[in-house]
Amino acid sequence: MKPTHIEHIGIAVKSLDDAIPFYEKVFGLECYAVEEVTDQKVKTAFFKVGDTKIELLESTDAEGPIGKFIEKKGEGIHHMAFAVDGLNDKLKAAEEAGVRLIDKQSRKGAEGLNIAFLHPKSTFGVLTELCEAPK
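Residue 14 in full-length UniProt numbering sits at position 14 of the sequence shown; the count goes up by one each step and never skips.
Written out as structure tokens, the structure is:
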């Protein structure tokens, strides 16, 4: 599996309203999109840094994945996302190589990407997302 690039770094925050101004004022970045992904119980905000994005993640439900993450670990880096071509084939190959999958098939994520997660127990403690632009 050879990623084409780092798609984004996901950062869990308690409040987009508090975090967005930090990235805009301190780093001079522009928040170009805010989107709610209802089925993932999250609201996202995106910033572009070169070819890579920063994705801020605010939980819309304390029982959602980001809500639970913040409750357990606090705010901070949640995941690393790699762009790949042929996402479902990459998932199958990863599973055959012994990687534990969270998603066995891709699903829709923010910005219209197809996404799937690899379990951090198989990726040295890093929740890893694979992303593919729809064709």
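Just so you know, even glycine gets a beta-carbon here, dropped at the ideal spot from N, CA and C.
Quantities reported herein were computed from a predicted structural model and do not represent experimental measurements.
For the pair Leu56 and Leu16, the CB atoms are nearer than the 8 Å cut-off. Going by beta carbons, Ile102 and Leu118 fall inside the 8 Å limit. Rounded to the nearest angstrom, the Cβ distance from Glu58 to Val13 is 6 Å, consistent with a contact under 8 Å. Within the same chain, Cβ atoms closer than 6 Å to the Cβ of Tyr23 are found at Leu29, Phe47, the five residues on either side in sequence being excluded. Look at the UniProt domain "VOC" (5 to 133) and you find these whole runs of alpha helix (DSSP H), each 4 residues long or longer: 16 to 27, 65 to 73, 87 to 96. Distance from the CA of Gly10 to the CA of Ile77, rounded to the nearest whole angstrom, comes to 6 Å. When rounded, the separation of the alpha-carbon atoms in Phe124 and Lys108 is 25 Å.
With distances taken between CA atoms, Met80 lies nearest to Val126 out of Pro134, Ala19, Ala33, Val126. Restricting attention to His8, Cys131, Pro3, the CA atom closest to the CA of Gly50 is found in His8.
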